[in-house]
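Per UniProt numbering: the sequence shown = residues 1 to 200. Quick notes on the structure that follows.
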Amino acid sequence: MNLMQPPAIQLIVEDHEALAAVLRALRDAVERAGRPGSAPDFDALRAMLFYLDEMPARVHHASESELLFPRIRERCPALRPVLDRLEAEHERGESAVRELEHALTAWQVMGDVHHESFELLVRTHVNGYLGHMEVEESYVLPVALDFLSPADWRELAEALTRQRSELGASMAQSHRSLFARITLTHPLQKCPCKTSKFPS
Ligand SMILES: [Fe+2]
Ligand SMILES: [Fe+2]
């Protein structure tokens, strides 16, 4: 843990690292499945999409939209348009994953003719979501660090921890198990969007 980094930011950056690892694992797996002689592993692809649906919708977006962003809006009104855009992207991201799940089913039950359209949707979603996290890490969080007080960061850390514990230990455990299963074959990579202001 970096002592310069408020624990609330550390939680957000850890979520980003996990999401980035699964997004890249998904993109790599779909690319590999397009090579001659490689059969798609639909169970693995479905597990990745399930994680990308569950984790942001139930945990990460809630932490940002319900706790972190409102405090940043209050302390730094100039960021409100960016936060509006990021919140709209949360909603779009959640519906994009459901669209991906549908497109994966089409590929699985109707055959390879649907592989390319699934791959295109995956690339669009992966690039879009990595870009979303990059804006948060390289722009929003550094500005927030300048405007929020130590008391703000302390309250946010408490609120984030409370929010996550209210979701239940079993959900956190099942997210961790699913993440471990996915990254067993796709090792965790550092998120390149991480700025030097937030070293691990
Ligand atoms: Fe976000
Ligand atoms: Fe985020």
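Just so it is clear, CB atoms sit at the ideal spot from N, CA and C, and this is done for glycine as well.
Check	Outcome
I need the DSSP call for SER174, collapsed to helix, strand or coil.	helix
Could you give the uninterrupted runs of the alpha helix (DSSP H) lying entirely in the UniProt domain "Hemerythrin-like" (9–143), keeping only those of 4 residues or more?	42–54, 69–75, 80–110, 115–135
CB of GLU136 to nearest heavy atom of ligand 2: below 6 Å?	yes
Could you give the distance in angstroms between the alpha-carbon of THR185 and the alpha-carbon of SER117?	25 Å
Within 10 angstroms of its Cβ, does GLU166 collect 16 or more other Cβ (buried), or is it exposed?	exposed
Is the separation between the beta-carbon of LEU100 and that of LEU121 shorter than 7 Å?	yes
Verify the contact flag: MET55, CB atom, against every heavy atom of ligand 2, threshold strictly below 6 Å.	no
Taking three-plus beta-carbon pairs below 8 Å as touching, is the segment 125–145 in contact with the segment 16–33?	yes
Give every residue of the same chain whose Cβ lies closer than 7 Å to the Cβ of PRO40, excluding the five residues on either side of it in the sequence, and list them in chain order.	ALA33
May I ask you to report which of helix, strand or coil DSSP gives PRO6?	coil
Confirm, please, whether the CB-CB distance from LEU148 to ILE9 is below 7 Å.	no
According to DSSP, is PRO199 helix, strand or coil?	Confidence is the limiting factor: at PRO199 the pLDDT is only 42, short of 50, which leaves the residue's position unreliable, though a coordinate-based value still follows. Coil, per DSSP.
Between GLU134 and chain B, is the shortest Cβ-Cβ distance under 7 Å, so that the two count as touching?	In summary, chain B is missing from the structure at hand, where a single protein chain is found.
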